[in-house]
Amino acid sequence: GAGVSQSPSNKVTEKGKDVELRCDPISGHTALYWYRQSLGQGLEFLIYFQGNSAPDKSGLPSDRFSAERTGGSVSTLTIQRTQQEDSAVYLCASSRSTGTYEQYFGPGTRLTVT
Amino acid sequence: ELKVEQNPLFLSMQEGKNYTIYCNYSTTSDRLYWYRQDPGKSLESLFVLLSNGAVKQEGRLMASLDTKARLSTLHITAAVHDLSATYFCAVDISNQFYFGTGTSLTVIP
Numbered sequence: 736g737a738g739v740s741q742s743p744s745n746k747v748t749e750k751g752k753d754v755e756l757r758c759d760p761i762s763g764h765t766a767l768y769w770y771r772q773s774l775g776q777g778l779e780f781l782i783y784f785q786g787n788s789a790p791d792k793s794g795l796p797s798d799r800f801s802a803e804r805t806g807g808s809v810s811t812l813t814i815q816r817t818q819q820e821d822s823a824v825y826l827c828a829s830s831r832s833t834g835t836y837e838q839y840f841g842p843g844t845r846l847t848v849t
Numbered sequence: 003e004l005k006v007e008q009n010p011l012f013l014s015m016q017e018g019k020n021y022t023i024y025c026n027y028s029t030t031s032d033r034l035y036w037y038r039q040d041p042g043k044s045l046e047s048l049f050v051l052l053s054n055g056a057v058k059q060e061g062r063l064m065a066s067l068d069t070k071a072r073l074s075t076l077h078i079t080a081a082v083h084d085l086s087a088t089y090f091c092a093v094d095i096s097n098q099f100y101f102g103t104g105t106s107l108t109v110i111p
């Protein structure tokens with residue numbers, strides 16, 4: 736079946752603008768994760784959703800970052816008032832549930848803040 | 003603060019040789035994952051290790067977990083060029099994933 740998809744694949748934005756990144760998980764996967772990968776910080780966990788439960792937001796780097804997941808499926812990561820240090824590849828992954836199940840990663844969104 | 007350390011960071015090895023990548027972590031966890039990332043690509047799940055003493059093998063790669071030593075290893079047997087990639091380990095603490103720095107592997111003919 737279809738894998739995890741993310742859009743856009745690339746996004747260039749000006750400092751101070753808001754951006755929205757989208758993730759479509761694999762159908763039937765209840766767990767969804769967002770990560771950020773950058774040269775300086777490596778791979779960072781941002782947030783995860785399990786079904787319709789309230790997300791664990793403890794990994795979000797600042798209050799400019801927020802995420803939601805509608806209907807337990809599609810997720811949107813929003814970054815407000817983007818800064819240059821937000822430039823990174825944002826990866827989304829889904830799994831059948833949390834804990835013991837392997838994660839399937841999307842191709843990522845490369846965000847460049849100029 | 004949880005630390006996940008991999009070594010080596012860079013590994014250049016000849017085809018046909020064996021080598022081991024190490025992943026040490028600083029807090030208790032019995033869930034350890036290994037991923038592969040090709041240049042410009044996303045991550046691919048390799049192994050999920052869920053208990054002390056767990057060992058999993060796929061082709062030329064074998065992963066093990068020692069939760070008491072807080073150590074996981076990824077052993078490469080008779081390396082081939084197709085294994086060239088960056089390998090990450092990740093520790094799962096209450097569904098938050100902490101990644102190692104990655105090991106960039108280059109297999110030389």
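Protein chains in written order, with this note's numbering: chain A, 736 to 849; chain B, 3 to 111.
Idealized CB from N, CA, C, for every residue including glycine.
Computed from a predicted model, the values in this text were never measured in an experiment.
For residue 803 of chain A, no Cβ of chain B is located within less than 9 Å of the residue's own Cβ. Contacts with chain A (Cβ-Cβ distance below 9 Å) from the segment 73-103 of chain B involve 90, 92, 94, 96, 97, 98, 99, 100, 101, 102, 103, listed in chain order. Rounded to whole angstroms, residue 813 of chain A and residue 742 of chain A show a C-alpha spacing of 13 Å. A direct Cα-Cα distance of roughly 30 Å separates residue 838 of chain A from residue 816 of chain A.
Put simply, the CB of residue 46 of chain B is near chain A, with a gap under 9 Å to one of its CB atoms. CA-to-CA, the gap between residue 79 of chain B and residue 63 of chain B works out to about 7 Å. In summary, residue 23 of chain B is buried, with 16 or more beta-carbon neighbours lying within 10 Å of its beta-carbon over all protein chains present. The three-state secondary structure of residue 77 of chain B, taken from DSSP, is strand. Straight across, the Cα-Cα distance linking residue 792 of chain A with residue 798 of chain A is about 10 Å. Around the beta carbon of residue 110 of chain B, a 10 Å sphere encloses fewer than 16 other beta carbons of the protein chains shown; the residue is thus reported as exposed. Residue 832 of chain A places its beta carbon 9 Å or farther from that of residue 758 of chain A. Non-local beta-carbon contacts of residue 101 of chain B in its own chain, meaning distances under 7 Å to residues more than five positions away in sequence, involve 6, 90, 92 in chain order. Using a 10 angstroms sphere on the CB of residue 776 of chain A, the tally of other CB atoms stays under 16, which defines it as exposed.
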